[in-house]
Amino acid sequence: MGIEPNTAEISSNVGSRNENDLFKQLRARNKGYVENFSSGELTAPARQEIAIVTCMDSRVNPLDIFQFQLGDIKVIRNAGGRVTDDVLRSLILATHFLAVKDVLVMHHTDCALAFKSEDDVLKGLPVQIQESTTKQQFLAMPYPDLALRADVKAVASCKLIPETVSAYGILYDVRTGLFARVI
Ligand SMILES: [Zn+2]
C-alpha cells in the first residue's frame, strides 16, 4: 500500500516538470544576472582565504551571512555540511591551490539530519530504498554537537591539508541569522 502512492507521486512530479519551462525561467533569471554582471575579471583563489563547509539547506547562504562578495571564499556544500572524503578532497585542493588558510565547518539549527539516526532517515524514504541492497550512508547527526566536533577534527587531522591551516566549528541559527562559534 505504501509503495504505490509514493511511486505515482514521484513519477507525476518528474513528468509535470516541463523542461522548456524550466530553462525558460533559468534563461530569464540569468539574463537579469548578466545585465549587472561585472565580475568577469575575478580569479579563482579565495580573496578572503576562507573556505566554508556547510549544509545544502536553502535557508543557509554563506555569502550573505558574512557579507562576503563573489570571489571572496570557497563554499563546499552537502547534506548536513558533513566532512566527507569528497569534502576533504576539495579542501586539499583549496588549501594548496586556492589560497584557503581558514576552514569553517558551519552546521545550522533545524537541520533535517540533526537529532536523527541513520534509521530515522531511512524510515522517511520510500520502501524501495529502505529495502534496497544498495546501502547509502546519510551521515545523520543524532548528536549534532558531537558531529560538528568530529567534522572539525576530520579537517584538522587530515594529513594532506597543510598544518598551518586552521579549522573551526560554528553553528548558524536559521531563525535569527546569528552564528556562534562552537569549536
Ligand atoms: Zn542542514
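So the sequence shown is numbered by my numbering: it starts at 49 and just counts up by one.
The beta carbon of each residue, even a glycine, is placed where N, CA and C say it ideally should be.
Quick one: give me the first and last residue of the alpha helix (DSSP H) that residue i is part of.
{"i": "K43", "result": "Given that the chain is displayed from residue 49 to residue 231, the structure contains no residue 43 and the question cannot be resolved."}
{"i": "I140", "result": "D133 to F145"}
Is residue i buried or exposed, if buried means 16 or more other CB atoms sit within 10 Å of its CB?
{"i": "H144", "result": "exposed"}
{"i": "D133", "result": "exposed"}
{"i": "H102", "result": "First, the residue type needs correcting, since residue 102 is Thr and not His in the sequence shown. Its Cβ being crowded by 16 or more others within 10 Å, T102 is buried."}
{"i": "Y81", "result": "exposed"}
{"i": "A228", "result": "exposed"}
Are the Cβ atoms of residue i and residue j separated by less than 8 Å?
{"i": "I121", "j": "I140", "result": "no"}
{"i": "V153", "j": "G217", "result": "yes"}
{"i": "D105", "j": "C159", "result": "yes"}
{"i": "K149", "j": "T91", "result": "no"}
{"i": "P93", "j": "L146", "result": "yes"}
{"i": "H156", "j": "L208", "result": "no"}
Output the boundary residues of the beta strand (DSSP E) element that contains residue i.
{"i": "L219", "result": "S214 to Y220"}
Please look up how many angstroms separate the CB atoms of residue i and residue j, rounded, as I've assumed it's under 8 Å.
{"i": "V169", "j": "A188", "result": "5 Å"}
{"i": "M231", "j": "V200", "result": "Looking at the sequence shown, residue 231 is not Met but Ile. Confirmed, Cβ separation roughly 5 Å."}
{"i": "S138", "j": "L118", "result": "Rounded, the Cβ-Cβ distance is 18 Å, inconsistent with contact."}
{"i": "A202", "j": "L136", "result": "7 Å"}
Comparing the CB of residue i with every heavy atom of ligand 3, is any distance shorter than 7 Å?
{"i": "G172", "result": "What this structure holds is ligand 1, not ligand 3."}
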